[in-house]
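S.K.:
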Amino acid sequence: MLRTSLTLILWAGLVAPIAAEPTRESVARGKAATAFVHFGSAEGSATAFCIDAESGIFVTNQHVVKKLPNNGRLQLVVDPSSDRPRELLARVLRTDVEADLAILKAVDHAEGLTALELGDDTALFETMSATTFGFPFGKQLAAKTEKFPEVSVSIGRVTALRRKQGKLDRIQLDATLNPGNSGGPVIDENGKLIGVVNAGIFATGVNFAIPTSKLEALLAKPIVSFTPPAIKAEEQSATTSFEASIVSLAKTAEQYVVELELRGGGATGAKVRHSTGGGK
1155 MLRTSLTLIL WAGLVAPIAA EPTRESVARG KAATAFVHFG SAEGSATAFC IDAESGIFVT
1215 NQHVVKKLPN NGRLQLVVDP SSDRPRELLA RVLRTDVEAD LAILKAVDHA EGLTALELGD
1275 DTALFETMSA TTFGFPFGKQ LAAKTEKFPE VSVSIGRVTA LRRKQGKLDR IQLDATLNPG
1335 NSGGPVIDEN GKLIGVVNAG IFATGVNFAI PTSKLEALLA KPIVSFTPPA IKAEEQSATT
1395 SFEASIVSLA KTAEQYVVEL ELRGGGATGA KVRHSTGGGK
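Rendered as structure tokens:
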């Protein structure tokens, strides 16, 4: 009798770890912090999100607000698909054209907002999980009985970290994004902000987000506002008050020095210096 023996060789393959996904609580917070941006039916829509609940500070793209007139307002809708959506008017505090970022501030009814915490984009790596929030195609996806659309949540992966002069410039994602997602937040598995949706190549799965470090750089610069009062000729010898406003968007308190120089008739002007603590 001919006998044969079979030897089974088992190969132990290496299994790539599955990227962690956000918790239910992180997704709920992301949805609550995300706002629908609209300008009316003729102007389209976009997305914004809150980063400071106390002061009503929101973030979106610069290209979203670039057509607004000076001191123009835009409308933010928080919880747009709920029974009681909150409509807020917001003004633009600061923009950065190169980074394509805009900082907004709600001008009324800013209580009870939900904000996202800024994360660290130095820990990003290819294939890690990334979750985006936004309103693709705006009101076109709203139910017939609803005035505003429901926020869309999309989970994808970081597919590339695009650098410029050695610094992280754009985060490439394969999450499903479309027109209307512009300005939406991108969070990591811990629910922290790692980017802002910026642009994409339609119907290709190639999309880009602005890294959080660029947003932090924009927030680090204080906003100084000064409108000189009109002084009539007969009031030149009277006492006049000058006011300057300093708004700090940074989380750490800093001290700022404001210097005002008054000139008239070609003479060397008097200088006034005032120090103030940081804050909003």
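Each residue of the sequence shown is one higher than the last, beginning at 1155 in the numbering used here.
For glycine and all other residues, C-beta sits at the position ideal for the given N, C-alpha and C.
Quantities reported herein were computed from a predicted structural model and do not represent experimental measurements.
#1: Roughly how many angstroms lie between the CA atoms of E1280 and P1234, to the nearest whole one?
#2: Just verifying my parser: in three-state terms, what is the DSSP assignment at D1342?
#3: Whose C-alpha, out of V1350, A1392, R1240, E1415, is nearest the C-alpha of G1273?
#4: How do the segment 1280-1294 and the segment 1304-1318 stand: do at least 3 beta-carbon pairs fall below 8 Å, yes or no?
#5: Please classify P1339: is it buried, with 16 or more other beta-carbons within 10 angstroms of its beta-carbon, or exposed?
#6: Can you confirm whether K1185, when its beta carbon is compared against all beta carbons of chain B, has any partner nearer than 8 Å?
#7: Could you check where the alpha helix (DSSP H) with Q1435 kicks off and where it finishes?
#8: Could you tell me whether the segment 1228-1244 touches the segment 1254-1265, where touching means 3 or more Cβ pairs closer than 8 Å?
#9: Who are the Cβ neighbours of V1218 in its own chain at under 7 Å, not counting the five residues just before and after it?
#10: Using the rule of at least 16 other Cβ atoms within 10 Å of the residue's Cβ for burial, across every protein chain shown, is N1225 buried or exposed?
#11: Please return the same chain residues whose Cβ sits closer than 6 Å to the Cβ of L1346, not counting the five positions on each side in sequence.
#12: Quick one: what's got a C-beta closer than 7 Å to L1295's C-beta in the same chain, skipping five residues either side?
#13: Can you give me the start and stop residues for the beta strand (DSSP E) that K1321 sits inside?
#14: Out of K1318, K1386, D1250, state which residue places its alpha-carbon closest to the alpha-carbon of E1370.
#15: With DSSP as the reference, please indicate the residues paired to V1312 in a beta bridge.
#16: Candidates E1175, A1182, G1198, R1183: which alpha carbon is nearest G1334's?
#17: Given a threshold of 16 other Cβ atoms within 10 Å of its Cβ, counted over all protein chains shown, does P1383 qualify as buried or as exposed?
#18: Applying the 10 Å Cβ sphere with the 16-neighbour rule, what's the burial state of G1359?
#19: Looking at C-alpha atoms only, which residue of R1178, L1315, F1212, G1292 is the closest neighbour of A1264?
#20: From which residue to which residue does the beta strand (DSSP E) around G1349 run?
#21: Check the DSSP bridge columns for E1241 and list the partner residues they point to.
#22: Determine, using beta carbons only, whether I1348 and A1329 come nearer to each other than 8 Å.
#23: Out of G1266, S1367, V1231, Q1216, state which residue places its alpha-carbon closest to the alpha-carbon of E1208.
#24: Could you pull out every residue in the same chain whose Cβ sits closer than 8 Å to the Cβ of I1163, ignoring the five residues on either side in sequence?
M.R.: Working from what's here:
#1: As a first step, residue 1280 must be located in the sequence shown, where it is residue number 126. As a first step, residue 1234 must be located in the sequence shown, where it is residue number 80. The straight-line gap from Cα to Cα measures roughly 33 Å.
#2: To locate residue 1342, count along the sequence shown from 1; it is residue 188. Reduced to three states, the DSSP call for D1342 is coil.
#3: Taking the sequence shown and counting its residues from 1, one reaches residue 1273 at position 119. If we check each option's Cα against that of G1273, V1350 comes out closest.
#4: Yes, the segment 1280-1294 touches the segment 1304-1318.
#5: Working through the sequence shown from its first residue, we reach residue 1339 at position 185. Classification for P1339: buried.
#6: Going by chain labels, chain B is absent from the structure shown, which holds only one protein chain.
#7: Since the first residue shown for the chain is 1155 and the last is 1434, residue 1435 is missing from the structure and cannot be characterised.
#8: Result yes; three or more Cβ-Cβ pairs closer than 8 Å.
#9: Taking the first residue of the sequence shown as 1, we reach residue 1218 at position 64. Only V1191, A1200, A1256, S1336, G1337 meet the Cβ criterion.
#10: Within the sequence shown, numbered from 1, the residue matching residue 1225 stands at position 71. Around the Cβ of N1225, a 10 Å sphere holds fewer than 16 other Cβ atoms; the residue is exposed.
#11: If you number the sequence shown from 1, residue 1346 lands on position 192. One detail in the question is off: residue 1346 reads as Lys in this sequence, not Leu. Only residues of its own chain outside the window of five on either side were considered, and among them E1271, G1273 have a CB closer than 6 Å to the CB of K1346, listed in chain order.
#12: The count along the sequence shown starts at 1 and reaches residue 1295 at position 141. Excluding positions up to five away in sequence, the list reads P1303.
#13: The residue labelled residue 1321 in the question sits at position 167 within the sequence shown. Unbroken beta strand (DSSP E) run through K1321: 1321-1327.
#14: Locating residue 1370 in the sequence shown gives position 216, counting from the first residue. Nearest neighbour of E1370 by Cα position, chosen from K1318, K1386, D1250, turns out to be D1250.
#15: Looking up residue 1312 in the sequence shown gives position 158. Paired residues: L1327.
#16: Taking the sequence shown and counting its residues from 1, one reaches residue 1334 at position 180. The option with the nearest alpha carbon to G1334 is G1198.
#17: Locating residue 1383 in the sequence shown gives position 229, counting from the first residue. That one is exposed.
#18: Translated into the one-based positions of the sequence shown, residue 1359 becomes position 205. Classification of G1359: exposed, given that the 10 Å Cβ count is below 16.
#19: On the sequence shown, residue 1264 is found 110 positions in, with the first residue counted as 1. Of the listed residues, the one whose Cα sits closest to A1264 is F1212.
#20: On the sequence shown, residue 1349 is found 195 positions in, with the first residue counted as 1. Counting along the chain, the beta strand (DSSP E) containing G1349 begins and ends at 1347-1355.
#21: One-based indexing of the sequence shown puts residue 1241 at position 87. V1231.
#22: Looking up residue 1348 in the sequence shown gives position 194. Looking up residue 1329 in the sequence shown gives position 175. Here I1348 is not near A1329, since their CB atoms are 8 Å or more apart.
#23: For the purposes of this step, residue 1208 is taken as the residue at position 54 of the sequence shown. Of the listed residues, the one whose Cα sits closest to E1208 is G1266.
#24: As a first step, residue 1163 is located in the sequence shown; it is residue number 9 there, counting from the start. Because the pLDDT at I1163 is just 37, under 50, the model does not fix this residue reliably, and the value given afterwards should be weighed accordingly. If you ignore the 5 residues before and after I1163, its C-beta comes within less than 8 Å of no other C-beta in its own chain.
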